[in-house]
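Undergrad: Chains as they are written, first to last, in UniProt numbering: chain Y, 1 to 363; chain A, 1 to 363.
For each residue, glycine too, the CB sits at the ideal point set by N, CA and C.
All of these numbers come straight from a predicted model, not from anything done at the bench.
One structure is given below, represented as structure tokens, and several questions about it will come after.
Structure representation (structure tokens):
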């Protein structure tokens with residue numbers, strides 16, 4: 001991929017970065033409020049008359065309400081996605097007109113003529129670039145399940161340096177800025193229990209670990225489909241130690257939330273030990289990667305490289321669509337450092353998973 | 001199962017029930033605060049010194065902290081479980097001395113001499129009986145993942161008539177009382193979007209549904225193990241419509257939270273359309289069943305009965321260890337009632353799942 005010439009005056013220094021960080025947090029709060037307003041507007045519109053505080057529905061038949069709601073269920077989500085992204089884009093353009101901007105909605109719209117989603121090109125240059133998902137966890141949002149969020153990141157030289165994830169119905173705002181750590185609700189440093197609190201990576205990992213994974217949208221059956229590749233991997237991770245091929249991982253728990261951004265936030269929090277995923281995009285992960293790094297975690301690729309047993313554990317490529325994240329950790333009494341423990345855990349996952357088949361040009 | 005003679009004066013009337021409901025909500029709040037205090041005590045004890053607000057750790061080596069934490073990680077959970085249950089039991093005994101009490105910890109302790117967990121007998125009589133899980137989602141709690149809760153129910157004549165589930169790190173308190181509906185944080189009636197907001201059960205259900213499921217602790221490999229029975233069922237529910245045996249469910253989302261009580265709370269909220277589970281116990285589901293019923297949902301058995309296509313959809317047996325819950329719904333324009341839509345959804349699930357192998361004497 002050709003990169004434009006890099007202008008040094010575009011690269012924010014530490015002071016500027018702190019200002020940008022404060023700006024991004026406020027932006028996420030405002031966007032999160034828009035999401036909540038939209039959710040509750042739907043609640044009002046979809047009111048079934050059982051709640052006495054909404055007398056305006058008295059003359060409306062259930063049928064009318066149902067129809068109106070069925071329209072809303074689709075419309076509101078689309079509208080909310082677009083409105084929130086437009087709001088964020090406008091705010092960023094006004095404040096940082098020289099920065100690039102990539103938002104999920106705008107990106108998808110600009111590719112509406114493409115024949116397939118897989119033709120999406122990776123467009124992040126070395127310039128400061130805002131990468132935004134106005135609503136991650138859309139299905140959760142339509143169902144009123146709290147695991148939805150807005151995700152805002154600033155990426156410089158391909159590295160996420162500011163990341164903010166706000167889940168307004170949970171009341172949880174996760175934020176990180178390069179060199180400054182990661183925080184919950186601007187008050188509690190992540191990981192939540194402190195890196196000694198979450199402890200070293202267990203010596204028998206992935207045992208005693210919480211493994212977070214998503215089923216995704218690719219549901220083709222058959223041995224070569226991504227769903228089968230994922231499920232085989234999930235089963236190996238979950239099985240008793242004598243399980244498939246003697247590779248059973250016997251993880252402590254299997255979790256699926258339906259939001260990649262929140263999966264990464266909970267890895268940063270130390271709540272999930274391992275997150276393994278393929279198929280998502282840079283706007284799903286940019287902010288989360290910043291959070292995990294600043295909390296002391298690691299993000300590499302989901303697919304085991306050829307030299308997976310001994311080779312270097314590389315950072316995940318932002319646009320690579322394949323991610324494996326390991327939580328922050330403390331050093332171990334045995335002398336193993338936190339990083340060594342994390343890399344051991346990475347290899348234990350690579351040993352147990354099938355390769356996933358997601359690709360993109362230029363990624 | 002022999003039932004003791006039923007004393008009518010033990011059965012609470014509507015006024016008494018409202019008093020009990022208020023009492024149970026306060027009890028859940030107090031217990032939830034104990035859980036949070038325990039979590040944050042662990043945070044303090046496990047502090048790694050990176051947070052400047054904890055200078056007392058300055059002279060402690062990382063090794064010492066790690067050891068101390070490793071002890072805590074086990075001890076605190078056990079202690080928390082026991083302490084919170086003892087607190088709840090004492091409060092209930094003082095206030096309602098004629099009521100029975102079944103708590104997870106006490107129950108397990110009284111069976112410590114049994115050779116197997118499956119020998120646990122069902123002990124709920126027709127008397128008013130409090131059924132309590134002081135900490136549901138223990139693995140989540142040890143990891144600081146917010147999906148843990150206290151669950152408190154009052155069961156009369158085998159029917160949960162009061163149910164309170166409080167997830168203190170989420171700040172979400174779910175409560176229900178027979179005949180009075182279900183609520184979030186004592187303010188918002190469930191389902192969250194109103195039953196018109198969540199709409200009728202989709203005509204092509206389980207498509208467009210969120211399917212909630214848990215992997216559980218039984219991880220034996222092999223075709224007869226419960227894990228394989230579950231995974232086969234998950235895959236059928238998830239697969240594209242042309243999937244396994246033409247039975248692919250193509251559900252919109254697959255979710256696993258690691259807490260049966262919260263799974264049921266989110267069914268009551270309308271966030272999960274379907275929850276299908278085997279292996280949990282009455283303390284995991286008693287409060288949640290009350291919530292689902294009061295919100296307008298349905299709870300039946302996970303295992304398809306012989307006449308699954310046409311037979312009556314029976315209520316789940318409280319101690320049956322097999323549960324299938326369907327969210328609240330509105331009537332459909334086509335004339336199908338909410339209940340008919342829910343039963344249609346039940347049969348669509350039964351059509352796609354394998355039977356699970358969980359049993360108990362007297363259940």
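In three-state terms, what does DSSP make of residue 165/Y?
TA: It is a strand residue.
Undergrad: Check whether the region 174–187 of chain A touches the region 315–322 of chain A, counting contact only when three or more Cβ pairs, one atom from each stretch, lie closer than 8 Å.
TA: No: fewer than three Cβ pairs fall under 8 Å.
Undergrad: Measure the alpha-carbon distance for residue 169/A versus residue 30/A and round it to whole angstroms.
TA: Answer to the nearest angstrom: the Cα atoms are 13 Å apart.
Undergrad: Alpha carbon to alpha carbon, how far is residue 225/A from residue 123/A? Give it in angstroms, no decimals.
TA: Between residue 123/A and residue 225/A, the C-alpha separation is close to 27 Å.
Undergrad: Would you say residue 101/A reaches chain Y, if we count a Cβ-Cβ gap shorter than 8 Å as a contact?
TA: Not an interface residue.
Undergrad: Does any residue of chain A have a CB that is nearer than 8 Å to the CB of residue 244/Y?
TA: Chain A, which has a Cβ nearer than 8 Å to the Cβ of residue 244/Y, makes this yes.
Undergrad: Would you mind working out which of 288/Y, 136/Y, 309/Y and 95/Y sits nearest residue 178/Y, comparing C-alpha positions?
TA: The option with the nearest alpha carbon to residue 178/Y is 288/Y.
Undergrad: Does any residue of chain A have a CB that is nearer than 8 Å to the CB of residue 143/Y?
TA: Yes, its Cβ sits closer than 8 Å to a Cβ of chain A.
Undergrad: Could you check where the alpha helix (DSSP H) with residue 289/A kicks off and where it finishes?
TA: 282–295 is the span of the alpha helix (DSSP H), which, as asked, contains residue 289/A.
Undergrad: From residue 258/A to residue 257/Y, what does the alpha carbon distance come to, in whole angstroms?
TA: Cα to Cα, residue 258/A sits roughly 11 Å from residue 257/Y.
Undergrad: Report the CB separation of residue 352/Y from residue 199/Y in whole angstroms; it is logged as a contact under 8 Å.
TA: Not quite, the Cβ-Cβ distance comes to about 22 Å (not below 8 Å), so this is no contact.
Undergrad: Give me the residue from 356/Y, 130/Y, 342/Y and 328/Y with the minimum Cα distance to residue 280/Y.
TA: If we check each option's Cα against that of residue 280/Y, 356/Y comes out closest.
Undergrad: Would you report the Cα separation of residue 305/Y and residue 175/A, rounded to the nearest angstrom?
TA: Taking the straight line from one Cα to the other gives about 50 Å.
Undergrad: Got a sec: which bits of the region 191–221 of chain A sit with their beta carbon under 7 Å from any beta carbon on chain Y, in order along the chain?
TA: Listed by position, the residues of the region 191–221 of chain A near chain Y (Cβ gap below 7 Å) are 192, 193, 194, 195, 196, 197, 199, 200, 210, 215, 219, 220 and 221.
Undergrad: Can you tell which of 135/A, 206/A and 140/A has the C-alpha that lies nearest to the C-alpha of residue 272/A?
TA: Checking every option, the nearest Cα to that of residue 272/A belongs to 206/A.
Undergrad: Straight-line CA distance for residue 32/Y to residue 42/Y?
TA: Looking at the two C-alpha atoms, the distance is approximately 15 Å.
Undergrad: Are the beta-carbon atoms belonging to residue 326/Y and residue 298/Y less than 8 Å from one another?
TA: Their beta carbons are under 8 Å apart, which means residue 326/Y touches residue 298/Y by this criterion.
Undergrad: On the DSSP letters alone, give me the boundaries of the beta strand (DSSP E) that residue 155/A sits inside.
TA: That run of the beta strand (DSSP E) goes 149–156.
Undergrad: Answer with buried or exposed for residue 26/Y, where buried requires no fewer than 16 other C-beta atoms within 10 angstroms of its C-beta.
TA: Looking at its Cβ environment, which holds fewer than 16 other Cβ atoms inside 10 Å, residue 26/Y is exposed.
Undergrad: Below 8 Å, can you find three or more Cβ-Cβ pairs linking the region 98–112 of chain A to the region 229–241 of chain Y?
TA: At 8 Å Cβ cutoff, the stretches do not touch.
Undergrad: Taking only beta-carbon atoms, is residue 257/Y less than 8 Å away from chain A?
TA: Output row for residue 257/Y: interface = yes.
Undergrad: For a contact defined as C-beta to C-beta under 7 Å, what are the partners of residue 375/Y on chain A?
TA: Outside the shown range of chain Y (1 to 363) lies residue 375/Y, about which nothing can therefore be said.
Undergrad: Is residue 240/A close to chain Y, meaning its C-beta is less than 8 Å from at least one C-beta of that chain?
TA: Chain Y, which has a Cβ nearer than 8 Å to the Cβ of residue 240/A, makes this yes.
Undergrad: Going straight from the alpha carbon of residue 278/Y to that of residue 359/A, what length do you get?
TA: Using only the alpha carbons, I get a separation of about 38 Å.
Undergrad: Inspect the beta-carbon positions of residue 155/Y and residue 164/Y and report whether they are closer than 8 Å.
TA: Cβ atoms of residue 155/Y and residue 164/Y: not closer than 8 Å.
Undergrad: Identify, in the order they occur along the chain, each residue of the same chain with its Cβ nearer than 7 Å to the Cβ of residue 20/Y, setting aside the five sequence neighbours on each side.
TA: Closer than 7 Å at the Cβ level, and outside the excluded window around residue 20/Y, lie 12, 154 and 162.
Undergrad: If I'm right that residue 193/A touches residue 311/Y with Cβ under 8 Å, what's the distance once you round it to whole angstroms?
TA: So it is not a contact: roughly 49 Å between Cβ atoms.
Undergrad: Alpha carbon to alpha carbon, how far is residue 293/Y from residue 180/Y? Give it in angstroms, no decimals.
TA: Cα to Cα, the separation comes out at about 11 Å.
Undergrad: Determine the direct distance from the alpha carbon of residue 255/A to that of residue 331/A, and round the result to whole angstroms.
TA: When rounded, the distance between both Cα atoms is 26 Å.
Undergrad: So, at 7 Å on beta carbons, what are the nonlocal neighbours of residue 218/A in its own chain, with the 5 sequence-adjacent residues on each side left out?
TA: Excluding positions up to five away in sequence, the list reads 225, 226, 227 and 279.
Undergrad: Out of 333/A, 166/A and 39/A, which one is the CA nearest neighbour of residue 196/A?
TA: Considering only alpha carbons, the answer is 333/A.
Undergrad: Answer yes or no: do residue 316/A and residue 301/A have a C-beta to C-beta separation smaller than 8 Å?
TA: Closer than 8 Å, so yes.
Undergrad: Over what stretch of residues does the beta strand (DSSP E) that includes residue 175/Y continue unbroken?
TA: Unbroken beta strand (DSSP E) run through residue 175/Y: 172–177.
Undergrad: Residues of chain Y with CB under 8 Å from residue 266/A, in chain order?
TA: Simply 145.
Undergrad: Residue 95/Y to residue 166/Y, Cα distance in whole Å?
TA: Each residue's alpha carbon lies about 21 Å from the other.
Undergrad: Measuring only between beta-carbons, confirm whether residue 18/Y sits less than 8 Å from chain A.
TA: No, residue 18/Y does not count as interfacial toward chain A.
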